[in-house]
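Residue numbers (my numbering): 1 to 69. Ideal Cβ positions, reconstructed from N, Cα and C, are used throughout, including at glycine. No experiment lies behind these values; they were computed from the predicted model shown.
Listed below in structure tokens is the structure:
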């Protein structure tokens, strides 16, 4: 089971960003048929988004409304 709290950088996030990241992870894992290929490995709080680095080398902008790109 994936736990958002175990990701590097999670403990440095403020409470709102922790909630956003946890909700993002739930939605993100519902989208992928094989999510283990795209595991979030690090998260950083930025001014207007979260930067989420994935195990496949990609990274995502996660916006305050929960959308990502």
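Open item on the list: I'd like to confirm the pairing. Which residues does DSSP put opposite residue 61 in its beta bridges?
Closed with: Position 61 of the chain shown, counted from the first residue, corresponds to residue 61. Looking at the DSSP assignment, residue 61 forms a beta bridge with 51.
TODO: Would you mind reading off the limits of the beta strand (DSSP E) that contains residue 7?
DONE: Mapped onto the chain shown, residue 7 falls at position 7. Segment: none, residue 7 is in no beta strand (DSSP E) and carries neither H nor E.
TODO: Helix, strand or coil for residue 18, going by three-state DSSP, please let me know.
DONE: Here residue 18 corresponds to residue number 18 of the chain shown, with the count starting at 1. Reduced to three states, the DSSP call for residue 18 is helix.
Open item on the list: If we define contact as Cβ-Cβ less than 7 Å, is residue 61 a contact residue for chain D?
Closed with: In the structure shown, chain D does not exist; there is a single protein chain.
TODO: Could you give the DSSP three-state label for residue 44: helix, strand or coil?
DONE: Reading the chain shown from its first residue, position 44 is the one you call residue 44. In this structure, residue 44 counts as strand in the three-state DSSP scheme.
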